[in-house]
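*Asks:* Residue numbers for the sequence shown follow my numbering, so the first one is 16 and each next one is one higher.
Virtual Cβ for every residue (Gly too), placed ideally from N, Cα, C.
These numbers were taken from a predicted model, which means no experiment stands behind them.
My questions all concern the structure below.
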Amino acid sequence: MRPPKLSLSLRCKAVRFKVSVPPFEDRPLSPYKTPGLELPDSVQPRFPMSVLCHCNGCRAATAQIGVSGMPTHAPTVSVSVLGPKTGSDGSLAAPVSDDERTWTSWASMSSKFSADETSPLKRYESSPGRWRYFCGVCGSPIGYEVDPTSLPAELNWPHVVMLWTGALDRSILEKDWVRPDHIMFTSFGIPWVREQVKNGVHGAQEHPFILVDQPMGKESIEKILPMVRGTGINDEITIWE
């Protein structure tokens, strides 16, 4: 059973999100199907979804291939933004716990969005009615939204936000139910990327760090941990055999 809330954050913690996931039967139906087609409950997609996308827009916006995203019903999303920047060094207000942060609904934030130079949350309109959000502190992409009024009325498209799955807190991301259910825009996909996304990387060697002479394994990871810490890399390491 999925948890009642999904939490997402960027590396700098300046922007954080929560998704309140209702019981399955109460989750909004996803419009990702042929308009007017009635599907049985067993295959009818509902929000939030977990998908991989091959479209050129997602690839270019994230600088990634086989982009993993979560189409989400906007009314279930809340956002918290630290700031404005304080101090001569441009530092942010100190990170705080979720209970101490101020939260607002995505819909309210989006409708009243202000291009405040001091706010970490930034966006740009990549095409009419489509906004891509990113963090002005660490530069991480956050996701995008489509103004439903910019789409044909007969689609009856709800207010959807696509959040990038990689921003999920690791404790949630490790759950098996986060695995993508669908791969979208395969007709746009680059052949080798489609193959890699669907069937995995074949023939590539795994290494616990960046040393190509070190194979994967517990002994190798423990051996290179001092080097990892010495480089300043976060050492929250899960040892996979």
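Between which two residues does the alpha helix (DSSP H) harbouring residue 121 extend?
*Replies:* 121 to 126
*Asks:* Which residues in the same chain have their Cβ closer than 7 angstroms to the Cβ of residue 59, if we skip the five residues on either side of it in sequence?
*Replies:* Cβ neighbours of residue 59 beyond the five flanking positions: 44.
*Asks:* Apply the 10 Å Cβ neighbour rule to residue 102 and answer buried if 16 or more other Cβ atoms are within range, or exposed otherwise.
*Replies:* With a pLDDT of only 48 at residue 102, under 50, the local geometry of the prediction cannot be trusted, and no value is derived from it.
*Asks:* With H, G and I counted as helix, E and B as strand and the rest as coil, what does DSSP make of residue 230?
*Replies:* Residue state for residue 230 is assigned as coil, using DSSP reduced to three classes.
*Asks:* According to the neighbour-count rule (16 or more other Cβ atoms, all chains shown, within 10 Å of its Cβ), is residue 185 buried or exposed?
*Replies:* exposed
*Asks:* Could you say if the stretch 55 to 69 and the stretch 156 to 171 meet the contact criterion of at least three C-beta pairs nearer than 8 angstroms?
*Replies:* no
*Asks:* Measure the CB-CB distance between residue 37 and residue 175 and report whether it falls below 9 angstroms.
*Replies:* no
*Asks:* Which runs of the alpha helix (DSSP H) spanning at least 4 residues fall entirely within the stretch 30 to 111, listed in chain order?
*Replies:* Every alpha helix (DSSP H) stretch that sits fully inside the stretch 30 to 111 and reaches 4 residues is listed by chain position as 71 to 77.
*Asks:* Counting only the same chain and skipping the five closest in sequence on each side, list residues whose C-beta sits under 8 angstroms from that of residue 118.
*Replies:* 33, 93, 94 and 95
*Asks:* Determine the direct distance from the alpha carbon of residue 199 to that of residue 28, and round the result to whole angstroms.
*Replies:* 30 angstroms
*Asks:* Which residues bound the beta strand (DSSP E) around residue 160?
*Replies:* 156 to 161
*Asks:* On a Cα-Cα basis, can you pick out the residue from 196, 171, 177 and 169 that is closest to residue 148?
*Replies:* 177
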